[in-house]
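Residue numbers (the working numbering): 276 to 570.
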Amino acid sequence: MAEITAGMVKELREKTDAPMMECKKALTEAGGDSLKAEEILRVKLGSKASKAAARVTAEGVVGIYISGKTGAILEVNCETDFVAKNAEFQALVDGSAKLIVERAPADTAALSLLPLSDGTVESVRAALVGKIGENMTLRRFARLEAKGTLYQYIHGGAKIGVLLDIVGGDETLGKDIAMHIAASKPKTLDASGVDPELVEVERRVAREKAREAQKPEAMLEKIAENAAQKFLAEVSLLGQVFVKAENGKETVGQLLQRKGASVAGFVLYVVGEGIEKKANDFAAEVAAQVAAAQK
276 MAEITAGMVK
286 ELREKTDAPM
296 MECKKALTEA
306 GGDSLKAEEI
316 LRVKLGSKAS
326 KAAARVTAEG
336 VVGIYISGKT
346 GAILEVNCET
356 DFVAKNAEFQ
366 ALVDGSAKLI
376 VERAPADTAA
386 LSLLPLSDGT
396 VESVRAALVG
406 KIGENMTLRR
416 FARLEAKGTL
426 YQYIHGGAKI
436 GVLLDIVGGD
446 ETLGKDIAMH
456 IAASKPKTLD
466 ASGVDPELVE
476 VERRVAREKA
486 REAQKPEAML
496 EKIAENAAQK
506 FLAEVSLLGQ
516 VFVKAENGKE
526 TVGQLLQRKG
536 ASVAGFVLYV
546 VGEGIEKKAN
556 DFAAEVAAQV
566 AAAQK
């Protein structure tokens with residue numbers, strides 16, 4: 276059996292917020308497999324074991340630029356929120372987003388070589404790092420050629436950004452759907468885009484929770500399938516209940532059908548999603564911000 280180290284327990288605890296001993300028990304039961312241990316914790320502890328998945332720790336901003344039928348959305352990271360509000364940092368983001376639309380770079384490496392200001396994107400970034408004393412990274416971007424009309428939505432001091440392509444409808448619908456995406460954070464457009472393995476995990480978790488609750492064996496598959504369908508509705512845009520639905524029931528898909536419109540595509544960026552940020556004590560962070568301001 277694989278050795279369960281303190282580091283493995285700590286990592287699982289940070290990821291799930293489950294008690295330390297529960298994490299150790301789950302890892303032992305899973306033979307050291309972290310993903311399987313997380314699944315075991317979800318069966319035992321319910322949604323609490325997924326709490327940390329929504330936490331975002333890295334700093335930065337999302338920038339969006341639209342010109343006619345072409346739009347770009349870009350995430351640029353930095354170490355502190357203080358720098359994310361810096362005017363020069365934001366100018367780097369805005370200039371880079373415009374270049375994505377105009378020059379269509381293949382990736383962030385190609386974007387870094389494009390001309391910006393008196394140099395390139397990379398030279399501007401490097402100079403800003405030297406001036407402020409904080410690292411900055413052009414993390415990711417997407418470029419959309421619209422089939423319909425492009426809409427954007429920026430929320431929370433540019434911590435969440437949405438670029439949306441809608442065919443048909445009107446401006447109000449476009450803005451509302453973009454806002455809904457920012458609020459509800461769908462993973463895909465519809466159920467067909469969801470990884471089948473993720474759906475199967477939901478079935479297994481529901482099945483085991485029902486079994487522990489001593490539900491009849493004959494009901495387990497129906498319970499598992501209901502859980503899978505609920506999961507698909509929660510993570511796919513068209514299956515989600517529209518945030519502004521007056522009856523609290525109309526889904527985004529139903530709203531679009533009623534308006535004679537369809538979503539051709541969307542991109543949602545949440546700053547720092549999936550990035551682990553090193554823990555700093557408060558005094559050290561304030562000192563770093565004061566030093567940056569003095570420079």
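Backbone N, C-alpha and C define an ideal beta-carbon position, used for all residues, glycine too.
Given a length threshold of 3 residues, each whole run of the beta strand (DSSP E) inside the segment 342 to 399 is given here in chain order: 345 to 353. Taking residue 305 as the centre and dropping the five residues before and after it, the same chain places the C-beta of 311, 312 and 315 closer than 7 Å to its C-beta, in chain order.
Annotated three-state conformation of residue 457 is helix, per DSSP. Assigned with DSSP and collapsed to three states, residue 535 falls in coil, not helix or strand. By the neighbour-count criterion, in which a residue is buried when 16 or more other Cβ atoms sit within 10 angstroms of its Cβ, residue 507 is buried.
The shortest CA-to-CA distance from residue 337 to any of 534, 525, 437 and 516 is the one to 437. Within 10 angstroms of the beta-carbon of residue 467 lie fewer than 16 other beta-carbons, which makes it exposed. Scanning 373, 333, 303 and 546 for the CA closest to the CA of residue 345 turns up 373.
One alpha carbon belongs to residue 434, the other to residue 545, and they sit about 6 Å apart. If you ignore the 5 residues before and after residue 485, its C-beta comes within less than 8 Å of the C-beta of 494, 495, 498 and 499, all in its own chain and listed in chain order.
Your pair residue 396 and residue 386 checks out as a contact, with CB atoms roughly 6 Å apart and the cut at 8 Å. Residues of the same chain with a CB within less than 6 Å of the CB of residue 414, apart from the 5 flanking positions on each side, are 350 and 352 in chain order. Contact check between the segment 511 to 531 and the segment 455 to 463: three or more CB pairs, one atom from each, fall below 8 Å, which counts as touching. By the Cβ-count criterion, residue 392 is exposed, with fewer than 16 other Cβ atoms from all chains shown falling within 10 Å of its own Cβ.
Secondary structure note for residue 498: its alpha helix (DSSP H) is the uninterrupted segment 492 to 510.
Rounded to whole angstroms, the separation of the alpha carbons of residue 428 and residue 340 is 11 Å.
With the rule of 3 Cβ pairs closer than 8 Å, the segment 525 to 532 does not count as touching the segment 468 to 481. Using a Cβ distance threshold of 9 Å, residue 379 and residue 539 do not count as a contacting pair. For residue 417, the enclosing beta strand (DSSP E) begins and ends at 411 to 420.
Excluding the 5 residues flanking it on each side, residue 403 has same chain C-beta neighbours closer than 7 Å at 363, 364, 367 and 411, in chain order. The alpha-carbon of residue 320 is positioned some 8 Å away from that of residue 293.
Annotation for residue 517: 455, 525, 526, 527 and 530 place their beta carbon closer than 7 Å to its own, counting only its chain and skipping 5 residues before and after.
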